[in-house]
Amino acid sequence: MKKLSTLTLTGQGTQALLEKGKLVLGKGRLMQGIRALMTVSIANASGTSRALTDAERQSFLDGYSLKLSYGKNGRRTPYNMLTLTRLQRIARFLYGSEWEGYTSTTMGLARTLTTGATTQVQLYVTIPTGRLWQLGAQRRLFGVGRTQAAGMQLELFRKVDVLPSGFTVSGNVTFDIIPDDYSKKGPEQWTYLPEWLEVDETDKVARLPRGCVLLAVERSSTLAASQLTDIAAFVDGEELYTNMSAAQAYTQVLDLPNQPAEGDISDRETVLYSITSDMELRDWLSGNFRVEQITKTLGTTRLGGLVIPIPEHGEVLADVADAAGKNGRNKTLKAVSAAAYYGIAGGELPHSLYPYLPMVLLDTDDKEFQRFPGLVSQGGGATDVYLPGSLIANGRAMYAQAMANQEPALAEDVVRQAALAVPGCVQDTHGLSRQGSPVLTSVRALLTA
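Sequence positions in the sequence shown follow the working numbering and run 1 to 449.
(1) Taking the alpha-carbon positions, what's the R111 to Y79 distance?
(2) Report yes or no: do the region 28-38 and the region 118-131 share at least 3 C-beta pairs separated by less than 8 Å?
(3) With distances taken from CA atoms, which of L141, L9, L109 and I265 is nearest A91?
(4) How would you call K334, buried or exposed, if buried means at least 16 neighbouring beta carbons within 10 angstroms?
(5) Go through its chain and collect everything with a Cβ distance to Q370's Cβ below 6 Å, but skip five positions before and after it.
(6) Excluding the five sequence neighbours on either side, which residues of its own chain have a C-beta within less than 7 Å of the C-beta of K296, listed in chain order?
(7) Taking 8 Å as the threshold (C-beta atoms), are K159 and Q304 in contact?
(8) Could you check which residue in S377, Q122 and V422 has the C-alpha nearest to that of A321?
(9) Taking T229 as the reference, which of S46, S437, Q189 and T270 has the closest Cα?
(10) Check I392 in the structure and name its three-state DSSP category.
(11) Let me know if K3 comes out buried or exposed under the rule of 16 or more other beta-carbons within 10 Å of its beta-carbon.
(12) Going by alpha carbons, who is nearest to L281 out of H351, A249, S104 and T168?
(13) Taking DSSP as the reference, what is the three-state secondary structure of W190?
(14) Looking only at C-alpha atoms, which of Q148, V121 and S183 sits nearest to G74?
(15) Assign Y250 to buried or exposed, taking buried as 16 or more other Cβ atoms, counted over all protein chains shown, within 10 Å of its Cβ.
(16) Under 8 Å Cβ to Cβ from R416, same chain only, skipping five residues before and after it: list those, please.
(17) Buried or exposed for P260, please, with buried defined as at least 16 other CB atoms from any protein chain shown within 10 angstroms of its CB.
(18) For the putative contact between T119 and S41, defined by C-beta atoms under 8 Å, what is the C-beta separation to the nearest angstrom?
(19) Quick test of the definition: if touching needs 3 or more C-beta pairs under 8 Å, does the region 65-73 touch the region 310-329?
(20) Unbroken beta strand (DSSP E) runs of length 3 or more, entirely within the region 331-380: which are they?
(21) Could you tell me the distance, in whole angstroms, from the CA atom of Q406 to the CA atom of R302?
(22) Going by the DSSP bridge assignment, what does G306 pair with across the sheet?
(23) Kindly give me the distance between the Cβ atoms of L375 and P309, rounded to whole angstroms, as I take these residues to be in contact under 8 Å.
(24) Give me the DSSP bridge partner(s) of R35.
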């Protein structure tokens with residue numbers, strides 16, 4: 001991991017920007033996060049030498065925030081003006097560990113601050129960009145490739161320095177930007193990252209936007225202090241639990257006490273749902289998470305969630321063209337669903353989960369460029385659905401045979417299997433069972449011409 005840049009915040013009310021093109025990865029590298037080494041000098045004139053308490057450290061980090069954006073025109077903002085305390089909780093959940101330096105008593109934020117002196121402290125602000133420790137051996141599936149990273153923009157904000165009486169920040173606060181990346185064989189990829197979203201309850205119900213929900217929390221209190229004593233939780237029509245307190249759901253349904261302590265954020269807020277390490281990828285839930293107070297015991301449920309979005313068809317086309325254009329690789333690229341490229345589906349991955357997997361980016365030098373269906377853009381030009389000639393020939397024959405046998409469902413399955421390899425094919429949280437898509441229409445036209 002190599003330092004790429006240093007962002008400097010010169011005082012309260014200032015901000016710093018890591019522009020597009022500055023987050024540079026080496027070829028064959030995949031980024032699971034960005035490590036920003038925060039260095040701050042704290043002067044102690046309180047008359048007592050001591051370390052900051054956890055509550056004081058939280059208040060201090062709450063005075064800083066960031067924004068991360070990517071995609072065509074910075075369309076996607078997974079972290080939009082999030083405080084560092086919020087980001088810390090997200091990182092604990094996705095990485096399964098605490099920020100390095102947060103609890104350190106040697107050089108970290110928990111270091112003793114000598115009275116009458118100025119002490120430098122450091123911690124790594126880790127910004128997840130694909131890390132999912134819960135996936136075990138598959139956790140390296142998600143991450144950001146070099147073309148996507150080059151289009152990212154990071155903004156840091158120093159709003160206010162909140163410290164106990166007698167303590168002040170001395171001088172600038174700096175952040176050394178270091179990619180948390182690793183070597184990965186094969187072509188690069190593009191991942192639509194989980195996004196943090198917040199909503200408040202209306203008529204006893206709070207709903208998150210649609211997508212693949214990884215985490216849902218009630219933001220107003222810790223689990224131990226939660227006033228939610230009679231609630232129900234759903235993802236679309238699937239009931240997760242009902243007539244339970246938040247604490248009962250946490251232990252009896254979600255079984256979250258078996259999570260690693262550092263990755264469990266119930267000491268900060270009330271966890272209502274979470275993916276866990278004993279889940280398979282196929283067990284993830286796609287839809288709208290909602291929680292209902294059956295018996296009203298909390299004034300307002302303040303719901304927060306980490307949700308992987310379903311990118312719209314036009315967005316996917318624009319991102320592929322941008323990756324192939326002068327701002328990206330500047331060559332012909334084909335985007336293929338990671339489910340097809342890596343053979344993840346195996347007949348067991350629900351169609352509803354296809355939108356959340358990365359895109360693999362192949363160029364004409366890749367030996368498998370002609371093998372898969374996908375979206376193709378020539379140097380940033382219009383993005384079109386492409387099927388290999390052999391697949392078109394075989395698909396047309398299978399489709400015609402199924403129709404001749406009066407098996408329209410089987411004929412439609414031929415179309416679907418070819419289309420699922422194309423990013424953006426699935427545009428609904430229920431997969432292809434309720435609605436089609438422009439990709440599906442294009443593939444059907446190619447196989448029935």
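Beta carbons: idealized from backbone N, C-alpha and C, even for Gly.
Note that the structure is a prediction, hence the values are computed from the model and not measured.
According to the structure data:
(1) On the sequence shown, residue 111 is found 111 positions in, with the first residue counted as 1. On the sequence shown, residue 79 is found 79 positions in, with the first residue counted as 1. If I take the Cα positions, the gap works out to 29 Å.
(2) Short answer: they touch.
(3) Here residue 91 corresponds to residue number 91 of the sequence shown, with the count starting at 1. Relative to A91, the option among L141, L9, L109 and I265 whose CA is nearest is I265.
(4) Here residue 334 is taken as the residue at index 334 of the sequence shown, counted from 1. Buried.
(5) The sequence position of residue 370 within the sequence shown is 370, counting from 1. The beta carbon of Q370 lies closer than 6 Å to those of P388 in the same chain, with the five residues before and after it left out.
(6) For the purposes of this step, residue 296 is taken as the residue at position 296 of the sequence shown. Closer than 7 Å at the Cβ level, and outside the excluded window around K296, lie K204.
(7) Here residue 304 refers to the residue found at position 304 of the sequence shown. Here residue 159 refers to the residue found at position 159 of the sequence shown. For clarity, residue 304 is Gly in the given sequence; the question names Gln instead. No; because the gap between Cβ atoms is not below 8 Å, this pair is not in contact.
(8) For the purposes of this step, residue 321 is taken as the residue at position 321 of the sequence shown. With distances taken between Cα atoms, A321 lies closest to S377.
(9) As a first step, residue 229 is located in the sequence shown; it is residue number 229 there, counting from the start. Measuring from the Cα of T229, the nearest candidate turns out to be T270.
(10) Within the sequence shown, residue 392 is the residue found at index 392, counting from 1. Three-state DSSP puts I392 in a helix.
(11) Counted from its first residue, the sequence shown places residue 3 at position 3. By the neighbour-count rule (16 or more Cβ atoms within 10 Å), K3 is not buried but exposed.
(12) The residue labelled residue 281 in the question sits at position 281 within the sequence shown. Answer by Cα proximity: H351.
(13) For the purposes of this step, residue 190 is taken as residue 190 along the sequence shown, with counting starting at 1. Note: W190 maps to strand in three-state DSSP.
(14) Mapped onto the sequence shown, residue 74 falls at position 74. Considering only alpha carbons, the answer is Q148.
(15) Along the sequence shown, one-based indexing puts residue 250 at 250. Buried is the call here.
(16) Translated into positions along the sequence shown, residue 416 becomes position 416. For R416, where only same-chain residues beyond five positions count, the Cβ hits under 8 Å are H351, L432 and L440.
(17) Taking the sequence shown and counting its residues from 1, one reaches residue 260 at position 260. Under this definition P260 is an exposed residue.
(18) If you number the sequence shown from 1, residue 119 lands on position 119. If you number the sequence shown from 1, residue 41 lands on position 41. 7 Å between Cβ atoms; contact.
(19) Taking a cut-off of 8 Å for Cβ pairs, the region 65-73 and the region 310-329 touch, as three or more such pairs fall below it.
(20) As far as the region 331-380 is concerned, its whole beta strand (DSSP E) runs of at least 3 residues are 332-337, 359-363 and 374-378.
(21) In the sequence shown, the residue the question calls residue 406 occupies position 406. In the sequence shown, the residue the question calls residue 302 occupies position 302. Here the alpha carbons of R302 and Q406 stand approximately 53 Å from one another.
(22) Taking the first residue of the sequence shown as 1, we reach residue 306 at position 306. Note on identity: in this sequence residue 306 is Leu, with Gly being the wrong assignment. Per DSSP, W196 and L215.
(23) Here residue 375 refers to the residue found at position 375 of the sequence shown. Here residue 309 refers to the residue found at position 309 of the sequence shown. Between P309 and L375 the Cβ distance is about 18 Å, and since that is not below 8 Å, they are no contact.
(24) Taking the sequence shown and counting its residues from 1, the one referred to as residue 35 is at position 35. T126 and I178, per the DSSP bridge assignment.
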